[in-house]
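Structure first, commentary second.
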Amino acid sequence: MLTKVFHFDAPREKYHCDAVIVWCFDNRFQLGFSKFLKRIGVVNSDPIKIAGGAKSLASPDHATDREFVLEQIRKSIRLHGTKRAILMLHSDCGAYGGLAAFRGEAKAEAAHHRAELQRAAVALWEAFPDIEVLAYFVDFEGVWQSELTHRPAPAEATV
Ligand SMILES: [Zn+2]
87 MLTKVFHFDA
97 PREKYHCDAV
107 IVWCFDNRFQ
117 LGFSKFLKRI
127 GVVNSDPIKI
137 AGGAKSLASP
147 DHATDREFVL
157 EQIRKSIRLH
167 GTKRAILMLH
177 SDCGAYGGLA
187 AFRGEAKAEA
197 AHHRAELQRA
207 AVALWEAFPD
217 IEVLAYFVDF
227 EGVWQSELTH
237 RPAPAEATV
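Heads up, the sequence shown is in my numbering, so the first residue is 87 and it goes up one at a time.
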């Protein structure tokens, strides 16, 4: 038996997804990053909130973690026409051992996570060559966009 305990009216029409977002479930950054997403016009998103966020693409604990996330993104693309992915990493992330793993050095952490975001983007482009990728590092003071280099041309195409 199901007992109705709350009422609301949800929109029934399907939506076009502005961006699939791979971010960490760390609640400290939920409000700030949500405000930022609104600021850049992301209204209908498909959030993939998992410990470590983009770590699962860049340096997954298990290869199956990456496969799982890629499959989720594939479904977002298929179901909601998603053309853009937003990758998020943040300071003091438990999945990376926190800021302590970088001896408390915020600059070292930021540099490491910038490289991780690039690796995550490459993993995405390998699976979805045409997807637009935006990558952000979030700390306790704000959101920092990480410049990405698009994946190198296939080896056979380089001279
Ligand atoms: Zn985290």
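The beta carbon of each residue, even a glycine, is placed where N, CA and C say it ideally should be.
Exposure of residue i, with buried meaning 16 or more beta-carbon neighbours within 10 Å
i	result
residue 88	exposed
residue 116	exposed
residue 153	exposed
residue 94	exposed
Residues near residue i by beta carbon distance below 8 Å, same chain, minus five either side
i	result
residue 192	177, 185, 225
residue 235	204
Element boundaries [alpha helix (DSSP H), containing residue i]
i	result
residue 92	No alpha helix (DSSP H) holds residue 92; DSSP gives it neither H nor E.
residue 152	149 to 166
residue 140	Run containing residue 140: none; DSSP gives neither H nor E here.
residue 105	Note, residue 105: premise wrong, no alpha helix (DSSP H); beta strand (DSSP E) at 105 to 109.
Supposed close pair residue i, residue j - CB separation, criterion 8 Å
i	j	result
residue 214	residue 134	So it is not a contact: roughly 14 Å between Cβ atoms.
residue 205	residue 223	Not a contact, Cβ separation roughly 13 Å.
residue 137	residue 110	6 Å
Start-to-end residues for the beta strand (DSSP E) that takes in residue i
i	result
residue 131	131 to 135
residue 223	218 to 224
residue 128	Counting along the chain, residue 128 falls outside any beta strand (DSSP E), and DSSP gives it neither H nor E.
residue 175	170 to 176
residue 186	Unbroken run through residue 186: none, as it is neither H nor E.
Same chain, Cβ closer than 6 Å to residue i, five either side skipped, listed in chain order
i	result
residue 151	142
residue 159	106
Same chain only: Cβ atoms within 7 Å of residue i, ignoring 5 sequence neighbours per side
i	result
residue 103	130, 131, 132, 162, 166, 167, 168
residue 232	200, 203, 221, 222, 223
- Assess, as a yes-or-no matter, whether the segment 163 to 172 is touched by the segment 123 to 139 under the definition of 3 or more beta carbon pairs within less than 8 Å. yes
- Taking one C-beta from the segment 203 to 213 and one from the segment 141 to 151 each time, how about it: are there three or more such pairs within less than 8 Å? yes
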